[in-house]
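Taking my numbering, the leading residue of the sequence shown gets -3, the next gets one more, and so forth. Scroll down for the structure; my scribbles are underneath it.
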Amino acid sequence: MDSSKSRKSGIASACRVKEFFLDKLTSGLKMVGRAIKAVLRAKYVIFDNWYGASFEFIKGMIAGGLTVVCAVPLNRNCIHLQQSINISKVLAFLKNSKKPKKCAARTLRYYEAEIEMPKLGKVKLCLCRKVKHKEWKAIISKDSTMSALAIMEVYALRWSIEVFFKEAKDGQTPVDRLRRSVRICHSIDGRYKN
């Protein structure tokens, strides 16, 4: 018997069963859409370049009224200084034309530029890397008034959020660790009271 037919179509569990069969991008868009409909307030939506590779996904987030700050692959096409090139060529141009700016607080080197991306229009591009690393990361923001430092600061939140959710899923949050410690203390205390 099909599990989606055995549930009433209006209840939440039936909706979750339908979403189980959706791809990650569609599921993510629907999840954010539900959050917006439930009047959850957010200024930014932050995601890595796996999601950033899909312009349709980015457009869906923008349509929800959110400011997108996301990593994008360096091979993405864009228009910079009226030339149709990819982001890695923008990086090469910036490297040849000026020195990178420094962010001492995060030990980063970075460039910033305004580019135009197909299907997205004008975006602010931040190209950054750690001082002792060679690999550059491309981060875009649909809010072209954001500084590169603000873009990096917002994007840096993504890692903390991912770590929290992984720990919460694995039962490793500080509260869970405290509960385990208390249980161990009670167990030890119970053994030695007699």
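Ideal placement from N, C-alpha and C gives every residue a C-beta, glycine not left out. Predicted, not measured: the structure shown is a model, and the values here were computed from it.
A Cβ-Cβ contact shorter than 8 Å links C124 with I135. Restricting attention to K130, A109, T63 and D172, the CA atom closest to the CA of Q78 is found in A109.
Straight across, the Cα-Cα distance linking H76 with P114 is about 12 Å. For the options I83, P96 and I58, the alpha carbon positioned closest to that of L121 is the one of I83. Residue pairing for K55: DSSP places it in no beta bridge.
For G117, there is no enclosing alpha helix (DSSP H); the enclosing beta strand (DSSP E) has its first and last residue at G117 to K126.
Boundaries of the alpha helix (DSSP H) harbouring M148: A144 to D166, taken from the DSSP string.
Per DSSP, the beta-bridge partners of L104 are C99 and K126. Taking every protein chain shown into account, the CB of A164 has fewer than 16 other CB atoms within 10 angstroms, so this residue is exposed.
Remark: C-beta atoms of K138 and T63 approach each other more closely than 8 Å. Your pair E112 and C66 does not check out as a contact, with CB atoms roughly 16 Å apart and the cut at 8 Å. In its chain, beyond the 5 residues on either side, T169 have a beta carbon closer than 8 Å to the beta carbon of F160.
The C-beta separation of L21 from F43 comes to about 10 Å, leaving the pair out of contact by the 8 Å criterion. A distance of 8 Å or more separates the beta carbons of N92 and V68.
The Cβ neighbour count for I147, taken over all protein chains shown within 10 Å, is at least 16; the residue is labelled buried.
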